DNA sequence: GGCGTCCTCCTACTCGGGTAGGAGGCGGCG
DNA sequence: CGCCGCCTCCTACCCGAGTAGGAGGACGCC
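Protein chains in written order, with this note's numbering: chain H, 5 to 230; chain X, 5 to 230.
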């Protein structure tokens with residue numbers, strides 16, 4: 005019996021890469037691809053895959069919500085999450101959503117193949133680098149705060165965060181969003197508090213390390229004055 | 005006559021993606037792959053490709069030096085550089101190294117195919133987003149300074165830059181390197197001047213966008229106080 | 001209606017970051 | 001030797017960033 009795989013990733017290049025990688029395996033078959041979360045949910049229902057390779061960041065619906073919806077249908081599908089960085093905060097949320105494993109996109113191919121087989125067999129696994137962080141997280145969590153977790157940023161705060169991550173000053177952010185810079189400051193204070201960061205520099209680091217905002221790569225340009 | 009392509013990229017997934025993409029084209033054939041710069045140089049000599057798809061950031065030897073070496077052999081190969089971001093400062097260096105074109109990795113596939121054919125035909129091209137920056141750069145360059153280009157950072161400045169890129173404050177950098185924070189400030193002023201940046205936030209953005217310091221990913225941890 | 005959330009804007013303050021300019025020590029190189 | 005580049009450190013100054021705390025309007029929900 006072959007392992008039926010659904011590949012859900014918004015980058016066609018990555019999908020093609022997986023398809024090629026898995027094509028060489030006797031016991032694995034790619035039965036469908038999805039380029040966003042909604043499509044993933046739909047195709048999971050239609051093709052009944054054994055394993056869904058799920059990117060976290062996708063348009064329409066992200067990998068987390070897609071994971072929840074697929075599992076909510078009672079399907080037997082196992083979800084294997086693909087993350088780009090081991091720092092990805094979503095990992096903890098995905099754990100709660102019921103994912104069976106996490107693999108880093110730049111892990112060696114053999115590791116990925118192994119992961120698919122393990123997950124298909126009903127076991128769970130984490131990439132070593134992720135495991136380290138998860139453990140650290142849980143040991144830290146069990147002491148001071150109750151359950152906690154990361155607070156959610158509002159829409160507007162995300163707008164501001166996006167611009168911070170591109171190196172904008174408060175004044176520039178204000179111009180871009182048509183709000184005063186005191187308002188910008190207010191948003192930033194909230195962002196830093198919610199994410200437990202010291203200043204905007206750390207916010208930029210976090211944004212890149214977790215791969216936030218990779219969607220708007222097209223518009224990504226640092227401001228340069230003439 | 006088919007266009008012979010060498011794919012040089014350190015991510016196997018990306019290579020596989022290109023192979024798959026190009027497999028569908030009648031006039032294009034992937035004759036070899038390379039996972040680092042040295043391999044690219046060697047295989048370019050061995051397989052005599054029409055076009056080399058070259059990633060900039062690669063182990064052993066980066067895409068720029070590989071480009072220089074391949075062109076130095078007098079081969080007819082055209083180099084098409086792949087960049088992840090339009091902000092990549094290396095672009096200017098690669099121009100000087102003799103690359104024939106630049107394509108963003110997330111440009112639509114048709115654009116990439118077109119680019120390969122154009123470059124194979126002997127013309128040069130830039131991705132629109134890159135063109136914009138190059139023009140801005142050259143117009144700026146032709147006025148005050150002679151040829152110039154990016155000044156090189158010293159070893160110590162790189163040390164400081166690395167820590168800036170991890171979100172460290174000046175005081176923290178000073179402790180880490182055993183120097184006073186006024187010295188740190190001095191270095192930072194020089195870094196910003198040399199790279200034409202406004203503040204450390206832009207420096208962090210630049211570091212990530214150009215993939216500087218990806219080597220020390222293992223040690224990459226944001227400072228978090230207990 | 002009343003409550004809560006979000007967004008907006010304000011003042012006033014503190015502090016870290018960045019600039020300007022100078023200075024001394026060290027090592028390499030012509 | 002003398003010059004230069006690099007690293008180190010300093011003072012003095014300015015300004016942007018972030019904090020604290022308050023306030024008002026829009027909207028949705030019970």
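Even glycine gets a Cβ: it sits at the ideal position worked out from N, Cα and C. In this text, all values refer to a predicted model and were calculated from it rather than measured experimentally.
In the DSSP assignment, find the unbroken alpha helix (DSSP H) run with residue i in it and report its ends.
i, result
"residue 24 of chain H", "16 to 27"
"residue 122 of chain X", "113 to 124"
"residue 68 of chain H", "67 to 76"
"residue 44 of chain H", "41 to 51"
"residue 57 of chain H", "Not the alpha helix (DSSP H): residue 57 of chain H falls in the beta strand (DSSP E), residues 55 to 59."
"residue 163 of chain H", "159 to 168"
For the beta strand (DSSP E) that residue i lies in, which residues bound it at each end?
i, result
"residue 202 of chain H", "No beta strand (DSSP E) contains residue 202 of chain H, which DSSP labels as neither H nor E."
So which of the options has the shortest CA-CA distance to residue i?
i, options, result
"residue 58 of chain X", "X:14, X:51 and X:33", "X:14"
"residue 124 of chain X", "X:82, X:163 and X:165", "X:82"
"residue 5 of chain X", "X:45, X:49 and X:54", "X:54"
"residue 85 of chain H", "H:198, H:194 and H:10", "H:10"
"residue 196 of chain X", "X:112, X:164, X:20 and X:33", "X:164"
"residue 51 of chain H", "H:12, H:198 and H:200", "H:12"
"residue 120 of chain H", "H:34, H:63 and H:39", "H:34"
"residue 189 of chain H", "H:209, H:199, H:161 and H:213", "H:161"
"residue 118 of chain X", "X:102, X:32 and X:23", "X:32"
"residue 180 of chain X", "X:113, X:167, X:186 and X:191", "X:167"
"residue 157 of chain H", "H:41, H:191 and H:182", "H:191"
"residue 4 of chain X", "X:66, X:212 and X:122", "The structure shown does not extend to residue 4 of chain X, since chain X spans only 5 to 230, so no value can be given for it."
"residue 64 of chain H", "H:41, H:56 and H:48", "H:41"
"residue 103 of chain X", "X:60, X:19, X:20 and X:112", "X:60"
"residue 21 of chain H", "H:112, H:213 and H:80", "H:112"
"residue 66 of chain X", "X:79, X:18, X:38 and X:17", "X:38"
"residue 4 of chain H", "H:62, H:79, H:56 and H:77", "Nothing in the structure corresponds to residue 4 of chain H, since chain H is present only between 5 and 230."
In three-state DSSP terms, what is residue i?
i, result
"residue 31 of chain H", "coil"
"residue 8 of chain X", "strand"
"residue 211 of chain X", "helix"
"residue 175 of chain H", "helix"
"residue 84 of chain X", "strand"
"residue 64 of chain H", "coil"
"residue 156 of chain H", "coil"
Does at least one heavy atom of the ligand GDP sit under 7 Å from the Cβ of residue i?
i, result
"residue 180 of chain H", "This structure does not include the ligand GDP; it has no bound ligands of any sort."
* **Residues, ordered as in the chain, of the stretch 193 to 218 of chain H that lie near chain X by beta-carbon distance below 9 Å** => 200, 201, 202, 203, 204, 205, 206, 207, 208, 209, 210, 211, 212 and 213
* Determine contact between the stretch 24 to 31 of chain H and the stretch 64 to 76 of chain H, defined as no fewer than three beta-carbon pairs at a distance below 8 Å. => no
* To do: Answer yes if the stretch 166 to 181 of chain X comes into contact with the stretch 200 to 211 of chain H, meaning at least three C-beta pairs across the two stretches below 8 Å, and no otherwise.
  => Yes: the two stretches touch, three or more of their Cβ pairs being nearer than 8 Å.
* Interface residues of the stretch 13 to 46 of chain X facing chain H [CB-CB below 7 Å] -> So the list reads 15, 16, 17, 18, 20, 21, 23, 24 and 25, given in the order they occur along the chain.
* Taking Cβ-Cβ distances below 7 Å as the criterion, which residues of the stretch 164 to 180 of chain H are in contact with chain X? -> Within the stretch 164 to 180 of chain H, the qualifying residues are 170 and 171.
* Between the stretch 54 to 65 of chain X and chain H, which residues of the former have a C-beta closer than 8 Å to a C-beta of the latter? -> none
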